[in-house]
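See below for the structure under consideration.
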Amino acid sequence: MASGSMVSVFQPSAWSEFFSRYERKPPKRSGEWMKIRIGKLKEDVQMLFKNCSNSLERMNLVDAVQRLGIEHLFEIQIETALSDIHENEPSSSNLHEVALRFRLLREHGLWVSPDVFKKFKGEDGTFNEYITNDPKGLLCLYNASYMLTHGEPELEEATSFARHHLKSMAPSLRSPLAEQVKRALHVPLPRTYRRLEALSYMPEYEQEAEHNPILLELAKLEFNLLQAVHLKELKAISEWYSDLKGYVGLSFARDRVVECYLWGYFLFYEEEHALPRMIFAKLFFLHILLDDTNDVGATLEEYGKLDAAIQRWEESAVSLVPGYLKKFYNKLLICFKEFDDELRLNGRYSIDHIKKEFQQLSSCYLQEAEWLHKNHKPRFEDRLHLGAMSIGAIELCVYAMVCMGDEMPEGALEWVLGYPDVVMACARIGRLMNDLAASSKPRNNRDVANCVECYASEHKVTEEVAFAAIDSMIEDEWKTTNQARFKHGHDLLPAVQRVINFTLSGPVYYGDRKDAFTFSSHLEDIIKSLFVNPIPI
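Here numbering that gives the first Met the number 0 is used: the sequence shown runs in plain steps of one and ends on residue 536.
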């Protein structure tokens with residue numbers, strides 16, 4: 000029989016008790032001073048929006064605000080500016096301006112036809128070579144092209160054209176454009192999480208001759224002020240995890256509570272969203288405990304009994320659960336009761352939808368365990384369907400809407416419970432990227448056949464061919480993600496954007512064929528930059 004005292008097969012946490020004990024050096028300026036200064040700078044930036052004299056000024060201001068990570072402070076001003084820009088037909092023949100307009104508007108759910116790029120093409124329909132003399136414009140075209148939806152081959156052509164020429168000119172570019180091109184060629188801007196982009200962009204923006212010192216100071220102060228908030232939460236969730244671990248045991252599971260918090264941060268980093276951020280992170284960690292119990296801790300029979308109890312969801316069902324898992328089951332019920340109390344106290348939705356999703360996730364884990372036990376290699380489509388459900392993204396999108404409650408648009412919860420295309424795309428991108436990463440390391444005998452293996456087996460092709468096919472599928476899911484900004488109406492856009500924020504975590508956790516969640520040393524620098532190291536002012 001398995002036991003909660005089994006030694007973990009996973010890489011130890013890089014953080015362990017770090018955040019429980021970490022004391023940040025007092026900043027030179029007090030938090031109160033920073034808040035007052037931020038208030039004054041916000042007023043100054045609002046005036047910048049008001050005093051913009053043309054569309055180009057507005058676009059550059061919106062772009063800078065977004066890339067500096069302070070767009071949450073100016074949502075109304077950004078929406079107003081982009082609505083004005085959208086209503087006015089562009090007259091510019093400058094590639095940078097046309098591409099910037101295209102990207103910004105599409106990001107905010109305002110449709111722009113790819114025909115705007117025809118003016119940069121010759122009679123044969125290919126891009127004119129003269130635009131390669133404008134590296135900044137070419138980079139903007141490259142990033143804009145990644146806002147493509149289904150059935151836009153002209154944007155795929157733009158991607159290929161811009162990528163080829165940017166790679167060629169990269170060695171000769173000067174800073175900061177050189178760094179921006181290198182970063183975009185690795186992960187294009189529309190697929191980069193903006194808080195991470197802000198860390199790179201702040202020092203680059205400072206080098207630009209036309210940079211606005213008001214924006215830069217505000218971005219730095221706001222980042223550091225939020226970092227202090229996140230540090231307190233990391234201390235609290237680390238202590239919560241320590242108590243949980245001390246009670247339930249299960250030492251075989253991954254120690255990844257900080258990485259779970261980071262995932263919650265991807266969805267809601269703003270100060271006012273502490274409640275959904277913390278509950279989301281705790282629920283995510285309970286996913287990990289359940290997943291690892293199934294994968295490495297329990298036998299099929301033992302997990303089947305735990306799942307039977309989870310489906311009943313009542314205290315008396317603990318009698319079904321193997322001895323070493325009883326405390327875990329009891330703690331699940333206690334945690335969910337605590338979450339429900341917090342949600343109700345704050346006027347959010349009840350826990351019922353979260354509980355149903357958690358039960359469904361457990362059923363998916365059991366199905367995977369049964370496949371493994373029978374040494375069953377499913378058809379690719381079946382593996383992808385179950386894998387998209389078991390990756391946890393669908394359930395976590397539902398959790399997000401429940402935890403946000405009325406802070407999301409009316410109808411957002413019903414919308415997400417219908418598993419719309421953008422939610423399924425998020426899950427499929429996560430699953431496919433995860434399985435590409437899994438195929439890049441030795442196979443674990445306790446893992447069911449992944450999507451790469453199932454595709455290669457079904458189509459009788461090499462692993463390399465399967466990789467290429469799955470990369471193409473991921474690109475299709477990104478197109479679906481982009482399409483969602485226009486599909487569900489402007490009112491639901493804030494809910495769509497939260498889901499997209501979750502999708503943007505995929506390249507961070509699973510990019511470069513690495514599983515940075517399981518092998519969490521890959522995330523050390525990111526976690527330090529976001530939560531430990533303040534921005535120098």
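By construction, the Cβ of each residue, glycine as well, lies at the ideal position given by its N, Cα and C atoms.
Please check the pair R102 and A143, which I expect to be a contact at CB under 8 Å, by giving their CB distance rounded to whole angstroms. 4 Å
If you count every other CB in all the chains shown that lies within 10 Å of the CB of Q328, and 16 or more means buried, which is it? Before going on, a small fix: residue 328 reads as Tyr here, not Gln. Answer is buried; the Cβ neighbour count reaches 16.
Going by C-alpha distance, which of I534, S519, N532 is nearest W262? S519
Quick one: Cα of K486 to Cα of Q358, how far? 30 Å
P377 classed as buried or exposed, judged by whether at least 16 other C-beta atoms fall within 10 angstroms: buried
Tell me the DSSP secondary structure of F222 in three-state form. helix
In chain order, each alpha helix (DSSP H) run of at least 4 residues that lies wholly inside the segment 52-95: 54-66, 74-86
On the three-state DSSP scale, how would you describe F516? coil
Count the C-beta pairs between the segment 468-475 and the segment 426-433 that are closer than 8 Å, then say yes if the count reaches three, no if not. yes
Please classify K120: does DSSP put it in a helix, a strand, or coil? strand
Which one of A483, I534, N532, F516 has the shortest CA to CA distance from L106? Note that residue 106 corresponds to Glu in the displayed sequence, not to Leu. Nearest C-alpha to E106: A483.
Going by CA-CA distance only, name the one from C450, E86, W239 that's closest to H384. C450
At 4 residues or longer, and completely inside the segment 253-302: list those alpha helix (DSSP H) runs for me, N to C. Those alpha helix (DSSP H) runs which fall completely within the segment 253-302 and span 4+ residues are 256-266, 273-291.
How is the alpha helix (DSSP H) around G386 delimited, first residue to last? Per DSSP, G386 belongs to the alpha helix (DSSP H) from 379-389.
With a threshold of 8 Å, are at least 3 pairs of Cβ atoms found where one atom belongs to the segment 131-146 and the other to the segment 154-161? yes
Find the nearest neighbour of H489 within the set H521, S15, S82, G404, judged by alpha-carbon distance. The shortest C-alpha separation from H489 is found at S82.
Check for me: the alpha helix (DSSP H) holding A424 runs from which residue to which? That run of the alpha helix (DSSP H) goes 420-437.
If we require 4 or more residues per run, which alpha helix (DSSP H) segments fall completely within the segment 391-416? 392-403, 411-416
Any idea if Q76 is buried or exposed, counting beta-carbon neighbours within 10 angstroms, 16 or more meaning buried? buried
Using 8 Å as the cut-off, can you tell me whether the segment 389-397 makes contact with the segment 410-428, which would need three or more C-beta pairs spanning the two stretches below that distance? yes
Under the three-state DSSP convention, the category M0 falls into: Residue placement at M0 is poorly supported in this model, since its pLDDT is 41, which falls under 50; the coordinates are not used for a value here.
Could you pull the DSSP bridge partners for F126 from this structure? K120
Take the Cβ of A208 as the centre, count every other Cβ of all protein chains shown within 10 Å, and call the residue buried at 16 or more, exposed below. exposed
Please determine if the segment 212-222 and the segment 26-38 are in contact, where contact requires at least 3 C-beta pairs separated by less than 8 Å. Taking 8 Å as the limit for Cβ pairs, the verdict is that the segment 26-38 does touch the segment 212-222.
Cβ of A161 within 8 Å of any chain B Cβ: Reference to chain B is not applicable here, since this structure consists of a single protein chain.
Tell me which residues share the same chain as C51 and place their Cβ nearer than 8 Å to its Cβ, disregarding the 5 neighbours each side in the sequence. For C51, where only same-chain residues beyond five positions count, the Cβ hits under 8 Å are R57, L60, A80.
Just the Cα atoms here: how many angstroms apart are A455 and K513? 20 Å
Taking only the alpha-carbon atoms, compute the straight-line gap between L249 and E314 and give it to the nearest angstrom. 20 Å
Specify, as a first and last residue, the run of the alpha helix (DSSP H) that E457 falls within. 450-458
Using 10 angstroms around the beta-carbon of T461, count the other beta-carbons present and answer buried if the total reaches 16, otherwise exposed. Classification for T461: exposed.
In whole angstroms, give me the CA-to-CA distance for C402 and N293. Taking the straight line joining both Cα atoms gives about 27 Å.
Exposed or buried, which one is S54 when buried takes at least 16 other CB atoms within 10 Å? Buried.
For the alpha helix (DSSP H) holding P137, just list the boundary residues, first then last. Sequence check: residue 137 is Leu here, not Pro. Looking at the DSSP string, the run of the alpha helix (DSSP H) that includes L137 is 134-144.
Please list, in chain order, all residues of the same chain as Y240 whose beta carbon is under 6 Å from its beta carbon, the five residues on each side excluded. Same-chain partners within the cutoff: V256.
Determine, using beta-carbon pairs with one atom in the segment 146-153 and one in the segment 174-185, whether at least three such pairs fall under 8 Å. no
Relative to the alpha-carbon of D43, which residue among K234, P533, E216 has its alpha-carbon at the smallest distance? E216
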